[in-house]
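Take a look at the structure set out below.
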Amino acid sequence: MTEAATETKLPGSLSGQGVSKTYRQKGEEPHTALADLSFEFPAATLNVVMGTSGCGKSTLAQMLAGYLKPDEGTLTIDGAPIEGPGPERLMVFQESTLWPWMTVQDNVIFGPLSRGENKAQAIAAAAELLVRFGLIEFRDRYPAQLSGGMMRRAEIAQALINQPKVMILDEPFRGLDVMTRELMQEYYVRLFEDTHLSTVFITAELEEAIFLADRIYIMSDAPGRIVKTLEVDLPRPRDVSCLTTRRYAELEQEALDALYAGRDDMDF
Amino acid sequence: MENATVDPLVPARAAKRRSWKLPRLDWRGTAAVAGFFLAWQLAVILALPGFDEIPGPWEVLNTFVGEFLFSADYWASWAVSFQRVFLGFLIAQVIGIPLGLFFGINATLRSLVFPVFEMMRPIPPLAWVPLSILFWPTNESSIIFITFIGAFFIITINVFEGVRSIRPEHVWLARSLGAGTFRIFRKIMLPAVIPSIAVGMTLGIAVTWNVVIAAEMIASDSGLGRLTWEGYVSSTPTVVVVGMISIGIAGYLSTVIVDWIERKMMPWKAGR
Numbered sequence: 011m012t013e014a015a016t017e018t019k020l021p022g023s024l025s026g027q028g029v030s031k032t033y034r035q036k037g038e039e040p041h042t043a044l045a046d047l048s049f050e051f052p053a054a055t056l057n058v059v060m061g062t063s064g065c066g067k068s069t070l071a072q073m074l075a076g077y078l079k080p081d082e083g084t085l086t087i088d089g090a091p092i093e094g095p096g097p098e099r100l101m102v103f104q105e106s107t108l109w110p111w112m113t114v115q116d117n118v119i120f121g122p123l124s125r126g127e128n129k130a131q132a133i134a135a136a137a138e139l140l141v142r143f144g145l146i147e148f149r150d151r152y153p154a155q156l157s158g159g160m161m162r163r164a165e166i167a168q169a170l171i172n173q174p175k176v177m178i179l180d181e182p183f184r185g186l187d188v189m190t191r192e193l194m195q196e197y198y199v200r201l202f203e204d205t206h207l208s209t210v211f212i213t214a215e216l217e218e219a220i221f222l223a224d225r226i227y228i229m230s231d232a233p234g235r236i237v238k239t240l241e242v243d244l245p246r247p248r249d250v251s252c253l254t255t256r257r258y259a260e261l262e263q264e265a266l267d268a269l270y271a272g273r274d275d276m277d278f
Numbered sequence: 034m035e036n037a038t039v040d041p042l043v044p045a046r047a048a049k050r051r052s053w054k055l056p057r058l059d060w061r062g063t064a065a066v067a068g069f070f071l072a073w074q075l076a077v078i079l080a081l082p083g084f085d086e087i088p089g090p091w092e093v094l095n096t097f098v099g100e101f102l103f104s105a106d107y108w109a110s111w112a113v114s115f116q117r118v119f120l121g122f123l124i125a126q127v128i129g130i131p132l133g134l135f136f137g138i139n140a141t142l143r144s145l146v147f148p149v150f151e152m153m154r155p156i157p158p159l160a161w162v163p164l165s166i167l168f169w170p171t172n173e174s175s176i177i178f179i180t181f182i183g184a185f186f187i188i189t190i191n192v193f194e195g196v197r198s199i200r201p202e203h204v205w206l207a208r209s210l211g212a213g214t215f216r217i218f219r220k221i222m223l224p225a226v227i228p229s230i231a232v233g234m235t236l237g238i239a240v241t242w243n244v245v246i247a248a249e250m251i252a253s254d255s256g257l258g259r260l261t262w263e264g265y266v267s268s269t270p271t272v273v274v275v276g277m278i279s280i281g282i283a284g285y286l287s288t289v290i291v292d293w294i295e296r297k298m299m300p301w302k303a304g305r
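Protein chains in written order, with our numbering: chain A, 11 to 278; chain B, 34 to 305.
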């Protein structure tokens, strides 16, 4: 892509056409995670994918990152097919993937050094990010010495130093305590509002989804398909007070209706 | 480490009082050890059944100080046994770690070599003694070989399991960030396996001492195992007990050294 193009339009739009994935393991029933899934995740947008557990959200995330290939269909980033993993699409996983044997700083500069970039520059860039994420005093610590929220922040720094076109976050705040979780959501909202970094954020929590999203894509149970797209028009910059607005309540109801559509026959 | 945690059952005041009492002596532990030696001495004095030929601790101590402490031969036995353990253990690491890594990484090699490996693994190291003596040109090399066998299978299996339990995300992320195969191997896979190597070392060093002592009793004219056995053959049971205690201390020292090495290998596990 040329300089001019990146200036006029932020990169990181993802799209999928007719994507299917079936897991086959010896001695087990084949499990179809995704069937004929199509989507457009625009660039510079905080796209939230929502669905119940086991609906194929993580499969989708792994495909976008390039770790899994679809059985059928195509996935593209800014029009180019996704062939495999690459630094333009970075993922934050459900469980911390900081390498325990590296200090925070070594974790963060791993990407630039892997691509042969200058170490001193990488350290300087890391320092800038670590200051921003309140981790600068912890750069020589090992991940096991950090709290859950600090680990998540370090992972986001580890990704951002590579200037990805799109961030893929697969239920990143699951397992954090409520306070830390809310803090991390505010962190990410602020980060997004500052940078408009194209994001695919996967979650099973409705409140989290509405608070973060420009758009919510609600997936059906497996085989997953997008059953509803919801424009979240809550004004930005956002803070927790938006959770008490009437518009929030309306969006919540709309999302719930979509989530439970076709399940009226279930006993609760 | 222990001092850092507060026992919820100990009242705060007691815990506080204990913290300035340094160095802290474990009275119960000391009493237990003293009690053990006292009971042993008593059993010998009272000539309890089975104890008529067994020396008491006082006699052992006297023999040790009188005949062993300043004897060059005695310390030579230490050196010989340590050298055998060291060589057998080291060769087991040098061959076992790469082999375990290969088993974990290369499916072709695994399917070719692993069946033979699994066939040999259940054979106890000491069952190798006769064949080893026939095969190796010197007695020394056959004992080192048997010692090697003791640690080799354990370390290889542990490293193999270590490779298999590497989290795929750890490798995926490195790949996304642009790391090549060699960098992933050196910076991600190898360190990820270090804790398993450490487990293999801890188990391996214990087996190595077991094996070397038995092998020395059977097939050598030197070392702490031989010293102990000669004490028996020459009807000097004090020597047997001196040998046993020496072996215990030697094993303990080796464990301390291995623990130290392991801590150095895994700086990220210390100082939490």
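The beta carbon of each residue, even a glycine, is placed where N, CA and C say it ideally should be.
If you're wondering where the values come from, they're calculated on a predicted model, not measured in any experiment.
(request) Would you check if there are 3 or more beta carbon pairs closer than 8 Å linking the segment 269-278 of chain B to the segment 208-217 of chain B? (result) no
(request) Would you tell me roughly how many angstroms separate the C-alpha atoms of A65 of chain B and D59 of chain B, rounded to the nearest one? (result) Position 32 of the second sequence, counted from the start, is the residue given in the question as residue 65 of chain B. Position 26 of the second sequence, counted from the start, is the residue given in the question as residue 59 of chain B. In a straight line, the C-alpha of A65 of chain B is about 10 Å away from that of D59 of chain B.
(message) Going by DSSP in three states, M250 of chain B sits in which element: helix, strand or coil?
(response) Numbered from its first residue, the second sequence carries residue 250 of chain B at position 217. Helix.
(request) To the nearest angstrom, report how far apart A37 of chain B and A303 of chain B are at their CA atoms. (result) For the purposes of this step, residue 37 of chain B is taken as the residue at position 4 of the second sequence. For the purposes of this step, residue 303 of chain B is taken as the residue at position 270 of the second sequence. Note on A37 of chain B: pLDDT 41, under 50, position unreliable in the model; no value is reported.
(message) Are the CB atoms of I171 of chain A and L145 of chain A within a distance shorter than 8 Å?
(response) Looking up residue 145 of chain A in the first sequence gives position 135. Looking up residue 171 of chain A in the first sequence gives position 161. No, the Cβ-Cβ distance between L145 of chain A and I171 of chain A is not below 8 Å.
(request) Taking 8 Å as the cut-off, decide whether the C-beta atoms of V192 of chain B and L142 of chain B are in contact. (result) The residue given as residue 192 of chain B occupies position 159 in the second sequence. The residue given as residue 142 of chain B occupies position 109 in the second sequence. Not a contact, by the Cβ cut-off of 8 Å.
(request) For V188 of chain A, count neighbouring Cβ atoms within 10 angstroms of its own Cβ and tell me buried if that reaches 16, exposed if not. (result) Along the first sequence, read from residue 1 onward, the residue named residue 188 of chain A stands at position 178. So V188 of chain A ends up on the exposed side.
(request) Kindly say whether M73 of chain A, judged by its beta-carbon, lies nearer than 8 Å to any beta-carbon of chain B. (result) For the purposes of this step, residue 73 of chain A is taken as the residue at position 63 of the first sequence. For M73 of chain A, the answer is no, since every Cβ of chain B falls outside 8 Å of its Cβ.
(message) Which of the three DSSP states is assigned to E6 of chain A in this structure?
(response) The structure shown has nothing for residue 6 of chain A, since chain A only spans 11 to 278.
(message) On the CB-based measure, 16 or more other CB atoms within 10 Å of its CB, does V266 of chain B come out buried or exposed?
(response) Residue numbering aside, residue 266 of chain B sits at position 233 when the second sequence is read from its first letter. Note on V266 of chain B: under 16 other CB atoms within 10 angstroms of its CB, so exposed under the neighbour-count rule.
(request) Count the CB pairs spanning the segment 38-47 of chain A and the segment 202-222 of chain A that are closer than 8 Å, and state whether there are at least three. (result) no
(message) Quick check: the Cα distance between P91 of chain A and T84 of chain A, rounded to an integer number of angstroms?
(response) On the first sequence, position 81 is the one that residue 91 of chain A refers to. On the first sequence, position 74 is the one that residue 84 of chain A refers to. So the two alpha carbons sit approximately 7 Å from each other.
(request) Measure how close the beta-carbons of V102 of chain A and P182 of chain A come, nearest whole angstrom, since I'm counting them as under 8 Å. (result) One-based indexing of the first sequence puts residue 102 of chain A at position 92. One-based indexing of the first sequence puts residue 182 of chain A at position 172. Rounded, the Cβ-Cβ distance is 5 Å, consistent with contact.
(request) At 8 Å on the CB atoms, spell out the chain B contacts of F120 of chain A, in chain order. (result) What you label residue 120 of chain A is simply residue 110 of the first sequence in a count that begins at 1. Result: A207, L210, A212 and K220.
(message) Give me the chain B residues within the contact set of R48 of chain A, using Cβ-Cβ distance strictly less than 8 Å, ordered along the chain.
(response) Taking the first residue of the first sequence as position 1, residue 48 of chain A is located at position 38. Note that residue 48 of chain A is Ser in the sequence shown, not Arg. Ordered by position in chain B, no residue passes the 8 Å Cβ test against S48 of chain A, which lies about 25 Å from the chain.
(message) I'd like to check one pair, V210 of chain A with R225 of chain A: are the Cβ atoms closer than 8 Å?
(response) Taking the first sequence and counting its residues from 1, one reaches residue 225 of chain A at position 215. Taking the first sequence and counting its residues from 1, one reaches residue 210 of chain A at position 200. Taking 8 Å as the Cβ cut-off, R225 of chain A and V210 of chain A do not qualify as a contacting pair.
(message) Assuming I133 of chain A and Q115 of chain A are in contact, meaning their beta carbons sit under 8 Å apart, how far apart are those beta carbons, in whole angstroms?
(response) The residue labelled residue 133 of chain A in the question sits at position 123 within the first sequence. The residue labelled residue 115 of chain A in the question sits at position 105 within the first sequence. Confirmed, about 7 Å.
(request) Quick one: measure Cβ to Cβ for I187 of chain B and G233 of chain B, integer angstroms, because I've assumed they're closer than 8 Å. (result) For this step, residue 187 of chain B is matched to residue 154 along the second sequence. For this step, residue 233 of chain B is matched to residue 200 along the second sequence. Confirmed, Cβ separation roughly 6 Å.
(request) Would you tell me roughly how many angstroms separate the C-alpha atoms of A308 of chain B and T269 of chain B, rounded to the nearest one? (result) Any property of residue 308 of chain B remains undetermined from this structure, which presents chain B solely from 34 to 305.
(message) Strictly below 7 Å CB to CB, what residues from chain B border R125 of chain A?
(response) If you number the first sequence from 1, residue 125 of chain A lands on position 115. Going along chain B in sequence order, the residues near R125 of chain A (Cβ under 7 Å) are G211.
(message) For the segment 25-37 of chain A against the segment 66-78 of chain A, do three or more pairs of beta-carbon atoms, one drawn from each stretch, fall closer than 8 Å, so that the two count as touching?
(response) yes
(message) Strictly under 8 Å for the Cβ-Cβ distance: is E202 of chain B near chain A by that measure?
(response) Looking up residue 202 of chain B in the second sequence gives position 169. Closer than 8 Å: yes.
(message) Can you check whether the C-beta of R197 of chain B is within less than 8 Å of a C-beta belonging to chain A?
(response) In the second sequence, residue 197 of chain B corresponds to position 164, counting from 1. R197 of chain B does not count as touching chain A.
(request) Could you please give the first and the last residue of the uninterrupted alpha helix (DSSP H) stretch that includes L47 of chain A? (result) Against the first sequence, residue 47 of chain A aligns to sequence position 37. Taken as a continuous stretch (DSSP letters only), L47 of chain A belongs to no alpha helix (DSSP H), being part of the beta strand (DSSP E) at H41 to F51.
(message) Give me, in chain order, the residues of the same chain whose beta-carbon lies closer than 6 Å to that of E98 of chain A; leave out the 5 immediate sequence neighbours on both sides.
(response) As a first step, residue 98 of chain A is located in the first sequence; it is residue number 88 there, counting from the start. P174 and K175, listed in sequence order.
(request) May I have the straight-line CA-CA distance separating E249 of chain B from T288 of chain B, to the nearest angstrom? (result) Along the second sequence, read from residue 1 onward, the residue named residue 249 of chain B stands at position 216. Along the second sequence, read from residue 1 onward, the residue named residue 288 of chain B stands at position 255. Taking the straight line from one Cα to the other gives about 20 Å.
(request) Would you mind telling me which residues of chain A sit closer than 8 Å to R216 of chain B, beta carbon to beta carbon, in chain order? (result) Reading the second sequence from its first residue, position 183 is the one you call residue 216 of chain B. Within chain A, the residues near R216 of chain B are S124.
(message) Taking 7 Å as the limit between beta carbons, can you name the residues of its chain near V240 of chain B, skipping five residues before and five after?
(response) Counted from its first residue, the second sequence places residue 240 of chain B at position 207. These residues qualify, in order along the chain: G183, A184 and I187.
(request) Classify A271 of chain A as buried or exposed, calling it buried when 16 or more other Cβ atoms lie within 10 Å of its own Cβ. (result) As a first step, residue 271 of chain A must be located in the first sequence, where it is residue number 261. With fewer than 16 Cβ atoms within 10 Å of its Cβ, A271 of chain A is classed as exposed.
(message) Residues of chain A with CB closer than 9 Å to the CB of W108 of chain B, please, in chain order.
(response) The residue labelled residue 108 of chain B in the question sits at position 75 within the second sequence. In chain order: nothing, as chain A lies at least about 40 Å away.
(message) Counting only beta-carbon separations shorter than 8 Å, does G96 of chain A have a partner in chain B?
(response) As a position in the first sequence, residue 96 of chain A is number 86, starting the count at 1. Yes, its Cβ sits closer than 8 Å to a Cβ of chain B.
(request) Return the chain-ordered list of same chain residues with a C-beta closer than 7 Å to the C-beta of T42 of chain A, the five sequence neighbours on each side being excluded. (result) Mapped onto the first sequence, residue 42 of chain A falls at position 32. Here the set comprises T32, A232 and P233.
(request) Report the option in B:W293, B:G195 and B:Q126 whose CA atom is closest to the CA atom of I221 of chain B. (result) On the second sequence, position 188 is the one that residue 221 of chain B refers to. The residue with the shortest Cα to Cα distance from I221 of chain B is B:G195.
(message) Comparing C-alpha positions only, which one of B:S253, B:A105 and B:F181 sits nearest to N172 of chain B?
(response) Taking the first residue of the second sequence as position 1, residue 172 of chain B is located at position 139. When B:S253, B:A105 and B:F181 are compared, the shortest CA-CA separation from N172 of chain B is found for B:S253.
(request) Could you tell me if the beta carbon of H206 of chain A falls within a distance shorter than 7 Å of some heavy atom in the ligand HEM? (result) Although the ligand HEM was asked about, the structure shown includes no ligands whatsoever.
(request) Can you give me, in chain order, the residues of the segment 128-157 of chain A that have a beta carbon less than 7 Å from any beta carbon in chain B? (result) Y152, A154 and Q155
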